[in-house]
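Residue numbers (this note's numbering), protein chains in the order written: chain A, 179 to 317; chain B, 179 to 317.
Ideal Cβ placement from N, Cα and C applies to all residues, glycine included.
Fair warning: this is a prediction, and the values are worked out from it, not measured in the lab.
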DNA sequence: ATCCTAAATAGTAATACTACTATTTACAAT
DNA sequence: ATTGTAAATAGTAGTATTACTATTTAGGAT
């Protein structure tokens with residue numbers, strides 16, 4: 179938490195109660211909250227907060243690499259704080275559940291390939307889609 | 179085109195004029211149309227088509243692996259027909275343009291790693307985000 | 001050609017997400 | 001402590017996407 183605040187401070191961003199509440203909500207919700215769930219949580223601390231504020235702050239945190247956005251096809255997006263361990267996600271297309279995959283197949287060589295096309299890569303997003311254990315067993 | 183129709187036929191899906199128009203629109207729009215652009219194109223052939231139909235058919239084609247959905251953060255999604263060559267995309271976070279990257283870093287070993295967690299993987303989505311050549315030159 | 005049934009559709013409603021504007025506020029400089 | 005300024009916010013509006021329902025239709029069986 180303190181690390182996040184320090185990082186924002188260092189980049190010249192202001193620390194408002196709403197922003198603090200969004201970060202707190204991310205910490206407390208833990209596993210993959212939706213924007214609506216975050217809004218509900220934040221409202222406990224700041225009842226007048228607008229949904230716009232949730233998305234604006236999420237967007238900022240994503241741009242800074244402090245939050246990951248995970249796309250659940252047909253179910254919207256969910257979020258998580260970036261841990262020190264860069265990783266990706268397995269998403270079940272049947273029940274919509276997400277699991278972490280502590281692994282990243284993207285190498286420095288891959289980024290060079292992209293650079294050959296003139297791109298300067300700053301991040302990437304990778305999700306695997308399939309059927310989770312329980313959905314496979316359930317048929 | 180004929181290949182697409184054959185594949186749909188084989189899986190028991192019906193071939194309606196609207197569905198045909200959606201596929202035609204995907205072929206004609208070529209490079210990364212949005213859902214709205216596809217709707218406009220399809221309306222030329224079928225004026226009463228609903229947006230729902232566009233999304234429903236895109237969704238089906240995506241599930242069958244015949245269409246890719248590319249997420250442009252803060253700009254919605256765009257689509258493309260899957261070519262015979264599996265690939266991913268570079269997306270410029272400044273101007274929103276997408277380019278193909280004829281390359282995929284995901285190997286069979288990576289999929290095995292996922293399987294260890296009980297998942298049966300059927301697809302994956304990978305996008306690289308950064309700055310394209312012209313945006314880098316423009317500062 | 002007619003009938004049957006599940007798939008597909010149009011139209012509408014609901015939800016998710018983004019954009020805009022006037023006002024407020026953090027925080028740095030005085 | 002006061003002031004100035006750009007960032008951030010609430011509230012609202014607009015766009016994107018998904019869900020629901022009654023009706024229509026493609027395509028196989030008769």
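- Residues of the stretch 295 to 307 of chain B with a C-beta atom less than 7 angstroms from some C-beta of chain A are 295, 296, 297, 298, 299, 300, 301, 302, 303, 304, 305, 306, 307, listed in chain order.
- For residue 305 (chain B) against residue 249 (chain B), the beta-carbon gap comes to about 6 angstroms, under 8 angstroms, which counts as contact.
- Taken in chain order, the members of the stretch 256 to 279 of chain B whose beta-carbon sits within less than 8 angstroms of a beta-carbon on chain A are 268, 270, 271, 277, 279.
- Taking a beta-carbon distance threshold of 8 angstroms, residue 224 (chain A) does not count as an interface residue toward chain B.
- The Cβ atoms of residue 200 (chain A) and residue 183 (chain A) do not sit closer than 8 angstroms to each other.
- Annotated three-state conformation of residue 202 (chain A) is helix, per DSSP.
- DSSP, read as helix, strand or coil, puts residue 276 (chain A) in strand.
- With its beta carbon less than 8 angstroms from one in chain A, residue 292 (chain B) belongs to the interface.
- Two segments are said to touch when three or more pairs of C-beta atoms, one from each, lie closer than 8 angstroms; by this definition the stretch 280 to 291 of chain B touches the stretch 279 to 299 of chain A.
- Separation of the CB atoms of residue 242 (chain B) and residue 185 (chain B) is rounded to 7 angstroms, and the pair is thereby assigned contact status at 8 angstroms.
- Taking C-alpha positions only, residue 224 (chain A) is separated from residue 195 (chain A) by approximately 8 angstroms.
- Along the length of the stretch 182 to 242 of chain A, whole beta strand (DSSP E) runs at least 3 residues long do not occur.
- Per the coordinates, the alpha-carbon of residue 263 (chain B) lies some 32 angstroms from the alpha-carbon of residue 245 (chain A).
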